Amino acid sequence: PSLHTPPTSTIAQVDRRYHLHSQTNMRRHQRQGPLVIERGDGVHVIDEHGQAYIEGMSGLWCASLGFSNRRLAGAAQRQLETLPYYHTFNHRVPAVTARLAERICELAKMPEAKVFFACSGSEANDSMIKMAWAYHRARGNPQKRKVIAHQRGFHGSTVMGASLSGLPNMHAAFGLPLDGVIHVDCPHHYRNGQAGESEAEFCARLVNQLEKRIEAEGPQNIAAFISEPIMGAGGVIVPPAGYFAAVQALLARHDILMLADEIICGFGRTGQWFGHQTMGFTPDLMACAKSLSAGYQPISCVLVSAPVYAVLEEQSSELDGFGHGFTYSGHPVAAAVALEALDIYREMNVPLHTAAMGRELHQCLSPLLDHPLIGEIRGIGLVAGLELVEDKASRASFPARLAIGAQVELAARRHGLIVRNMGDAIALAPPYIIDAEQIREMVARLRAALDEVY
Ligand code: PLP
Numbered sequence: 001p002s003l004h005t006p007p008t009s010t011i012a013q014v015d016r017r018y019h020l021h022s023q024t025n026m027r028r029h030q031r032q033g034p035l036v037i038e039r040g041d042g043v044h045v046i047d048e049h050g051q052a053y054i055e056g057m058s059g060l061w062c063a064s065l066g067f068s069n070r071r072l073a074g075a076a077q078r079q080l081e082t083l084p085y086y087h088t089f090n091h092r093v094p095a096v097t098a099r100l101a102e103r104i105c106e107l108a109k110m111p112e113a114k115v116f117f118a119c120s121g122s123e124a125n126d127s128m129i130k131m132a133w134a135y136h137r138a139r140g141n142p143q144k145r146k147v148i149a150h151q152r153g154f155h156g157s158t159v160m161g162a163s164l165s166g167l168p169n170m171h172a173a174f175g176l177p178l179d180g181v182i183h184v185d186c187p188h189h190y191r192n193g194q195a196g197e198s199e200a201e202f203c204a205r206l207v208n209q210l211e212k213r214i215e216a217e218g219p220q221n222i223a224a225f226i227s228e229p230i231m232g233a234g235g236v237i238v239p240p241a242g243y244f245a246a247v248q249a250l251l252a253r254h255d256i257l258m259l260a261d262e263i264i265c266g267f268g269r270t271g272q273w274f275g276h277q278t279m280g281f282t283p284d285l286m287a288c289a290k291s292l293s294a295g296y297q298p299i300s301c302v303l304v305s306a307p308v309y310a311v312l313e314e315q316s317s318e319l320d321g322f323g324h325g326f327t328y329s330g331h332p333v334a335a336a337v338a339l340e341a342l343d344i345y346r347e348m349n350v351p352l353h354t355a356a357m358g359r360e361l362h363q364c365l366s367p368l369l370d371h372p373l374i375g376e377i378r379g380i381g382l383v384a385g386l387e388l389v390e391d392k393a394s395r396a397s398f399p400a401r402l403a404i405g406a407q408v409e410l411a412a413r414r415h416g417l418i419v420r421n422m423g424d425a426i427a428l429a430p431p432y433i434i435d436a437e438q439i440r441e442m443v444a445r446l447r448a449a450l451d452e453v454y
């Protein structure tokens, strides 16, 4: 066989022949083939046949400035021509990376914090767990290793990221999760609340259960609790008011660090700069990615609060080094793009802007609650989840064999809209640059797709 693509082959054939896709049923892919996207234009992406789609998911919750921002492209180009690569090991730093760290701390209102850079959300989450372990070891508690996470949480695809995730499809093929990861109930009132239980009662019950679990596992063995402020891939789940504040108080009593996975929520998605502000808690460590660079470059970070940093600094001095970091940590091209994205967000007045457009989105979506397929609409800011039900009264889900979410996703695509299928739910997380008319059009296309499937 030739090493080069034969001129007669289409991209779809080449893809089927050579590409192993992320998060994809490989056999179905051989039958169905890929959606080949050739270019982007504002909130739209355009496929190889010239068909335009409203990208209702910002790709993977990340292309917050849409798909054709010239300023981000310019920032990348300038940095590529100035310093295309340098690293952050052994006291080195690209100038732009240091400036980005400062800007992130300003926006997070954590002036005493430090920023550690990585390339992906999974790496940032893995880094947080290692930091939590290092923190407890340095304070004389090396047995504090276990980590608590939520059922239906999503924290990535590395060995630890997948272990932390509470989604069976992240575990089944690999014999995960690793020992020492504890999954607790998902704080989703619609699905997990008991008959007649109010949100406040549900919240109190979950916190009580968490306390019992901590006692059963032994608080002396538990390093950290990790959660997304709003759980994205698990179905856009917004925990009840007061949940995180109560969890935080409980963790503090047991010297367990609170880790926020802000990879979807961070930098404006929920109508505040960070999801923990929307949900009312203060993390000891937080991981960000995605909107940090508007998805234009792979970059993530961990914000390390001052008290945790002080312990890590002391330890690294004793050990003569912090034994963690990546070749591409703080990559200058990614940093330059991120810095530009954060400038644009400030000029756009994110989070005021995302809060206002979020209200528009949720107002437009709310009439869909009358649709026979929709049991619940949830979310805040520019992120929404729609629960698909077979029976609204009993809240019964469709049988898995009907793949209802996939049906809606494909129907939406036929109407020129990309949404995310999460099994029993459909997600929307459009670019921050979407306008009111485009929101109305997006929701109209979604309704048409639901009607087609119904
Ligand atoms: N955490 C959350 C909340 C995510 O949504 C994702 C990705 O979607 C990740 C972690 C993993 O990020 P990455 O795919 O960049 O490793």
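Going by the working numbering, 50 is the number at position 50 of the sequence shown; the sequence numbering is gapless. Here a beta-carbon is modelled for each residue, glycine too, at the ideal position from N, C-alpha and C. This structure is a prediction, so every number in the text was calculated from the model and none was measured.
Would you mind sorting residue i into buried or exposed? The rule is 16 or more other CB atoms within 10 Å of its CB.
i: P372; result: exposed
i: L361; result: buried
i: Q407; result: buried
i: R445; result: buried
i: H19; result: exposed
i: L303; result: buried
i: Q297; result: buried
i: P142; result: exposed
i: R17; result: exposed
i: E461; result: Outside the displayed span of the chain (1 to 454) sits residue 461, for which this structure offers no information.
i: R78; result: exposed
i: L80; result: exposed
i: Q209; result: exposed
i: R70; result: exposed
i: P177; result: buried
i: R378; result: buried
i: P187; result: buried
i: V443; result: buried
Spatial neighbours of residue i within its chain, please: C-beta separation below 6 angstroms, excluding the five flanking residues on both sides.
i: A75; result: A336, V337, E340
i: D284; result: L257, M258, S305, V308
i: H415; result: R445, A448, A449
i: G40; result: F67, S68
i: P219; result: H254
i: I374; result: L368, L386
In chain order, what residues of the same chain lie with their CB nearer than 7 angstroms to the CB of residue i, ignoring the 5 residues before and after it?
i: A12; result: G33, P34, V36
i: S2; result: Reliability fails at S2, whose pLDDT of 47 lies under 50, so the model's placement of it is uncertain and no value is given.
i: H189; result: E199, F202, P240
i: E48; result: I11, V36, E38
i: K146; result: G180, I182, E217, N221, I222, A223
i: T5; result: With a pLDDT of 47 at T5, under the threshold of 50, the predicted position of this residue should be treated as unreliable, and no value is reported.
i: T88; result: T97, F117, G325, S329, G330
Quick one: Cα of residue i to Cα of residue j, how far?
i: G325; j: S198; result: 45 angstroms
i: A294; j: G193; result: 36 angstroms
i: G242; j: E201; result: 11 angstroms
i: H21; j: E376; result: 31 angstroms
i: E390; j: V419; result: 20 angstroms
i: I230; j: W61; result: 13 angstroms
i: H254; j: P239; result: 22 angstroms
i: D457; j: A306; result: No statement about residue 457 is possible, as the shown extent of the chain runs from 1 to 454 and does not include it.
i: R28; j: F267; result: 36 angstroms
i: V453; j: D185; result: 31 angstroms
i: S329; j: A260; result: 20 angstroms
i: T158; j: Q23; result: 13 angstroms
i: Y466; j: E314; result: Coverage of the chain is limited to positions 1 through 454, which leaves residue 466 absent and any answer about it impossible.
i: W273; j: D435; result: 20 angstroms
i: V236; j: D343; result: 28 angstroms
i: L352; j: E106; result: 17 angstroms
i: R191; j: A384; result: 16 angstroms
i: S163; j: A245; result: 25 angstroms
i: G166; j: V93; result: 36 angstroms
i: T354; j: R269; result: 7 angstroms
i: H331; j: S291; result: 16 angstroms
i: A411; j: A63; result: 23 angstroms
i: M456; j: P431; result: The displayed coordinates of the chain run from 1 to 454. Any statement about residue 456 would go beyond what the structure contains.
i: M110; j: M131; result: 18 angstroms
i: L365; j: L417; result: 15 angstroms
i: I380; j: G271; result: 7 angstroms
i: L386; j: D370; result: 12 angstroms
What is the C-beta distance between residue i and residue j, in whole angstroms, given that I count them as a contact (C-beta under 8 angstroms)?
i: G156; j: S127; result: Incorrect: roughly 11 angstroms between the Cβ atoms, too far for contact.
i: A101; j: V115; result: 4 angstroms
i: A429; j: S300; result: About 17 angstroms separates the two Cβ atoms, so there is no contact after all.
i: L312; j: Y135; result: 6 angstroms
i: E262; j: A287; result: 6 angstroms
i: A289; j: S120; result: 6 angstroms
Ordered along the chain, which non-local residues of its own chain (more than five positions away) have a Cβ less than 8 angstroms from that of residue i?
i: G405; result: L388, N421, M422, G423, D424, A425, I426
i: A113; result: C105, L303, V304, S305, A306, Y309
For chain C, is any of its Cβ atoms less than 7 angstroms away from the one on residue i?
i: D435; result: The chain labelled as chain C is not found in the depicted structure, where only one protein chain is given.
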